[in-house]
Amino acid sequence: MTLKAGQRVVLAADTRLTDSAEVAGVVVGFLSLAAGTGGTVEQVVGHQEESDDVREYERLKSLLDAFGGEMPPETRRQLEENIGSLEPAWTAFQERAPRVSVRVRFDNGFILDGADEDVFAPA
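If you count the sequence shown from 1, you need to add 231 to reach the numbering used here.
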C-alpha cells in the first residue's frame, strides 16, 4: 500500500509507544495507541539503505562510464573486474523494495513519526 500526504488512516493494530514509566518509585504503566485510532498522513518518506558495496559499485560504475574510454586497457580491465565482483550486491539492492515511513497526526493530537506504512490502513 502506498500512502499519500493528506490521506486519512487508522492504526491497524495496537501500537505501544513507550516502555513502562516509573514516577516516585511507582510504576505508572506504558502508553499505547489503540487499533482503529484515526489520523491524517502529514509526510511520506521512502528509504532505501545502501551498503558499502552498493555505494562502491555506483562510484566505480560512474568512473567507468565517465572515463573508461580514456583509460589504459589494463586499468579499464581491473575496473571492470571490480565492478563485476560488486554486481551481486547491486542486483540485490535493485530488487529490494524501498522502506516507506510516514508521519501521522492523530485526531487526539499525538504525532507518530517514522512509522512503517504497513501499521496503517486507509480510513
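No residue lacks a Cβ here, since even glycine has one placed at the ideal position from N, Cα and C.
Computed from a predicted model, the values in this text were never measured in an experiment.
What would DSSP say about residue i, mapped onto helix, strand or coil?
i      : result
Asp349 : helix
Gln274 : strand
Asp344 : strand
Ser293 : helix
Ser263 : strand
Gly269 : strand
Thr322 : helix
Ser316 : helix
Leu310 : helix
Arg286 : helix
Glu281 : coil
Compare the C-alpha of residue i against each of the options and name the closest.
i      : options                        : result
Glu281 : Leu343, Asp347, Trp321         : Trp321
Ala354 : Ser251, Gly260, Gly270         : Gly270
Asp349 : Val333, Ala252, Glu273         : Val333
Gly237 : Gly345, Phe337, Phe341         : Phe337
Arg239 : Thr268, Met302, Glu305, Gly315 : Thr268
Do residue j and residue i come within 9 Å of each other at the CB atom, strictly closer than that value?
i      : j      : result
Asp284 : Leu310 : no
Val259 : Ala266 : no
Gly299 : Arg290 : no
Below 6 Å CB to CB, which residues in the same chain sit around residue i once its five sequence neighbours on both sides are set aside?
i      : result
Phe324 : Val285
Leu343 : Val335
Leu234 : Val272, Val275, Val333, Glu348
Ala352 : Val241, Ala243
Asn313 : Leu291
Return the chain-ordered list of same chain residues with a C-beta closer than 7 Å to the C-beta of residue i, the five sequence neighbours on each side being excluded.
i      : result
Ser263 : Asp245, Thr246, Arg247, Leu248
Ala346 : Ser332, Val333, Val335
Within the same chain, show all residues whose beta-carbon is closer than 8 Å to that of residue i, passing over the 5 residues directly before and after it, in chain order.
i      : result
Phe261 : Arg247, Leu248, Thr249, Asp250, Ser251, Ala252
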